[in-house]
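Encoded as structure tokens, the structure appears first; notes follow it.
There are 2 protein chains.
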Amino acid sequence: MPSTRLPILSMRQQICDALRGEIMAGEISFNQPVREQNLAKRFGVSRNSVRDALLQLSQEGVLIYSPNCGVRVSSPPTQKESKLYAKLRREIEIHSLEIAWSSWTKEDDGNLNRLQRILSVACEQQDLKAITETDLAMHRYWVSKASKELESVWLGITVRMLIAYSQLDNYMQCCLEHAAIVEAIACRDLSAAKKAVELNIRSK
Amino acid sequence: MPSTRLPILSMRQQICDALRGEIMAGEISFNQPVREQNLAKRFGVSRNSVRDALLQLSQEGVLIYSPNCGVRVSSPPTQKESKLYAKLRREIEIHSLEIAWSSWTKEDDGNLNRLQRILSVACEQQDLKAITETDLAMHRYWVSKASKELESVWLGITVRMLIAYSQLDNYMQCCLEHAAIVEAIACRDLSAAKKAVELNIRSK
DNA sequence: AACAATCATATTGTCGACAATTATACAATT
DNA sequence: AATTGTATAATTGTCGACAATATGATTGTT
Numbered sequence: 010m011p012s013t014r015l016p017i018l019s020m021r022q023q024i025c026d027a028l029r030g031e032i033m034a035g036e037i038s039f040n041q042p043v044r045e046q047n048l049a050k051r052f053g054v055s056r057n058s059v060r061d062a063l064l065q066l067s068q069e070g071v072l073i074y075s076p077n078c079g080v081r082v083s084s085p086p087t088q089k090e091s092k093l094y095a096k097l098r099r100e101i102e103i104h105s106l107e108i109a110w111s112s113w114t115k116e117d118d119g120n121l122n123r124l125q126r127i128l129s130v131a132c133e134q135q136d137l138k139a140i141t142e143t144d145l146a147m148h149r150y151w152v153s154k155a156s157k158e159l160e161s162v163w164l165g166i167t168v169r170m171l172i173a174y175s176q177l178d179n180y181m182q183c184c185l186e187h188a189a190i191v192e193a194i195a196c197r198d199l200s201a202a203k204k205a206v207e208l209n210i211r212s213k
Numbered sequence: 010m011p012s013t014r015l016p017i018l019s020m021r022q023q024i025c026d027a028l029r030g031e032i033m034a035g036e037i038s039f040n041q042p043v044r045e046q047n048l049a050k051r052f053g054v055s056r057n058s059v060r061d062a063l064l065q066l067s068q069e070g071v072l073i074y075s076p077n078c079g080v081r082v083s084s085p086p087t088q089k090e091s092k093l094y095a096k097l098r099r100e101i102e103i104h105s106l107e108i109a110w111s112s113w114t115k116e117d118d119g120n121l122n123r124l125q126r127i128l129s130v131a132c133e134q135q136d137l138k139a140i141t142e143t144d145l146a147m148h149r150y151w152v153s154k155a156s157k158e159l160e161s162v163w164l165g166i167t168v169r170m171l172i173a174y175s176q177l178d179n180y181m182q183c184c185l186e187h188a189a190i191v192e193a194i195a196c197r198d199l200s201a202a203k204k205a206v207e208l209n210i211r212s213k
């Protein structure tokens, strides 16, 4: 239910978001080549637009690009890499919370609440793809508010970390953890918010 | 002086590297719009190839992209952001050194030595652009060897951190610090190498 | 049968042209 | 004078076609 965004998403962004979601949900197997032509036909656009999207996803680390050979879904991170990613993510998000804190508005609260409700429904229905997407969107919200430049760095790390998040042990816990974050923010309790975020970000 | 790479660089990569170098050396002022047409004419290629490069640089955080409005050079990071970037970089590079360590070869030593010589000359001549480029290439070497996926994350952070590195207080110190890193690696002293890298990566 | 060279096919890379959008300059209205 | 509306120019977004490259099959030679 995209309700608030005024800026119309570009074609590239739409394709990016769609593919990223599928890949993160594990719907495309690792090392399987992704063909431009197929996607162009599927989305009803030219190969050029697809290329743009694939290039962006390569830069994000979701896809691996080999010149003249196209792209493939990148392999999931090793355990050690996952731990590193989690650490980096925590540091970026904590920093972002601090930066965004001073300009946080009631509207931001509303937007987070809306995402939280979506997450809640997704957890009840055990819709893994929706959970992953909404989870991403929530965290992205405060990072994006803090800095657009940081956002792209953060996205690369987080997406890599969440690739093949497939088996989520406890859907309810995911929902509760995010509720805790949203509430801490709503109460303007920065240190509680930071702590809640830190708890939520961990390598499996 | 690109001397060693066997794989032919794609047009996009060439344009990316050229622009990234110029931006990092501060040759294009902040918030100045970058026009596709001009670049296409300058590099003697079609606008499409330029677009690919601009898109990639946007994803790296060097350029800021606004739909239908093109790109502009992104503003330099705040002091607080610089400190965060430095921290993230240290963690990624330390991790990379550990990972790359087991498969490190004499050829790698040779490649690093070659870069170190280039850096040395650049420092003597006080060629800031060459210094920045070579500095980047050296660090990139071990990160890239550890993981292609990590490399793209690392590049985004590092490039943002080095934007407008312009005033480098002490050229000789830069050269010496990197010499220490190379030597520690050559001696296969991991902990010394890690320490040398940590010392070298700092926010100004 | 094993290997090398050659050809055919599929896929990516590049290009120029046109459509859609945005920014700018200028006139019209209050 | 300030604001709104309109036409013009500049810029980005999208497309289809062709060139360059890689992949896979076929043939020819030993």
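Protein sequence lines, in the order shown, are assigned to chains R and A.
Heads up: the first sequence begins at 10 in our numbering, then just goes up one per residue.
Heads up: the second sequence begins at 10 in our numbering, then just goes up one per residue.
Quick reminder that beta carbons are idealized off the backbone N, C-alpha and C, glycines included.
As the structure is a computational prediction, the values presented were derived from the model and not from experiment.
Quick one: which chain R residues come within Cβ less than 7 Å of His-104 of chain A?
On the second sequence, residue 104 of chain A is found 95 positions in, with the first residue counted as 1. In chain order: Leu-93.
Would Asn-135 of chain R be called buried (16 or more neighbouring beta carbons within 10 Å of its own) or exposed?
As a working mapping, residue 135 of chain R is identified with position 126 in the first sequence. As written in the sequence, residue 135 of chain R is Gln, which differs from the Asn given in the question. Its Cβ having fewer than 16 others within 10 Å, Gln-135 of chain R is exposed.
Does the beta-carbon distance from Ala-131 of chain A to Thr-143 of chain A come in below 8 Å?
Here residue 131 of chain A corresponds to residue number 122 of the second sequence, with the count starting at 1. Here residue 143 of chain A corresponds to residue number 134 of the second sequence, with the count starting at 1. Yes.
Once you ignore the five residues that flank Lys-138 of chain R on each side, which residues in its own chain have a CB closer than 7 Å to its CB?
Residue 138 of chain R sits at position 129 when you count from the first residue of the first sequence. Excluding residues within five positions, the ones whose Cβ falls inside 7 Å are Gly-30, Ala-34.
Taking DSSP as the reference, what is the three-state secondary structure of Ile-194 of chain R?
In the first sequence, the residue the question calls residue 194 of chain R occupies position 185. Correct three-state label for Ile-194 of chain R: helix.
Does the Cβ of Cys-196 of chain R have 16 or more other Cβ atoms within 10 Å, making it buried, or fewer, making it exposed?
Start at 1 with the first residue of the first sequence, and residue 196 of chain R comes out as number 187. With fewer than 16 Cβ atoms within 10 Å of its Cβ, Cys-196 of chain R is classed as exposed.
Given this structure, state the Cα-to-Cα distance separating Gly-79 of chain A from Ser-112 of chain R, to the nearest angstrom.
One-based indexing of the second sequence puts residue 79 of chain A at position 70. One-based indexing of the first sequence puts residue 112 of chain R at position 103. Approximately 27 Å between the Cα atoms of the pair.
I'd like to know whether the C-beta of Arg-169 of chain R is nearer than 8 Å to at least one C-beta of chain A.
For the purposes of this step, residue 169 of chain R is identified with residue 160 of the first sequence, where counting begins at 1. Closer than 8 Å to some Cβ of chain A, the Cβ of Arg-169 of chain R qualifies, so yes.
Give the range of the alpha helix (DSSP H) segment to which Ile-166 of chain R is assigned.
Taking the first sequence and counting its residues from 1, one reaches residue 166 of chain R at position 157. Residues 157 to 171.
Gly-35 of chain A by DSSP, collapsed to three states: which one?
Taking the first residue of the second sequence as position 1, residue 35 of chain A is located at position 26. Note: Gly-35 of chain A maps to coil in three-state DSSP.
Identify whether Leu-72 of chain A lies in helix, strand or coil by the three-state DSSP scheme.
Along the second sequence, one-based indexing puts residue 72 of chain A at 63. Residue state, collapsed to three classes: strand.
Using alpha carbons as the reference points, say which of A:Asp-26, A:Gly-70, A:Asn-40, A:Thr-87 lies closest to Val-59 of chain A.
Locating residue 59 of chain A in the second sequence gives position 50, where the first residue counts as 1. Considering only alpha carbons, the answer is A:Asp-26.
Just curious, the beta strand (DSSP E) that Gly-1 of chain R is in, first and last residue?
Because residue 1 of chain R is not part of the residues shown, which for chain R are 10 to 213, the question remains open.
Give the residues of chain R in contact with Glu-69 of chain A, contact being defined as C-beta atoms less than 8 Å apart.
Residue 69 of chain A sits at position 60 when you count from the first residue of the second sequence. Neighbours of Glu-69 of chain A on chain R, chain order: Gln-68, Ser-161.
Compute the distance between the beta-carbons of His-148 of chain R and Leu-93 of chain A, then report whether it is under 8 Å.
If you number the first sequence from 1, residue 148 of chain R lands on position 139. If you number the second sequence from 1, residue 93 of chain A lands on position 84. No, these two residues do not count as a Cβ contact at 8 Å.
Where do the ends of the alpha helix (DSSP H) carrying Gly-119 of chain A lie?
Start at 1 with the first residue of the second sequence, and residue 119 of chain A comes out as number 110. Segment 115 to 133, the alpha helix (DSSP H) holding Gly-119 of chain A.
Determine the DSSP secondary structure at Val-54 of chain R, reduced to helix, strand or coil.
To locate residue 54 of chain R, count along the first sequence from 1; it is residue 45. In this structure, Val-54 of chain R counts as coil in the three-state DSSP scheme.
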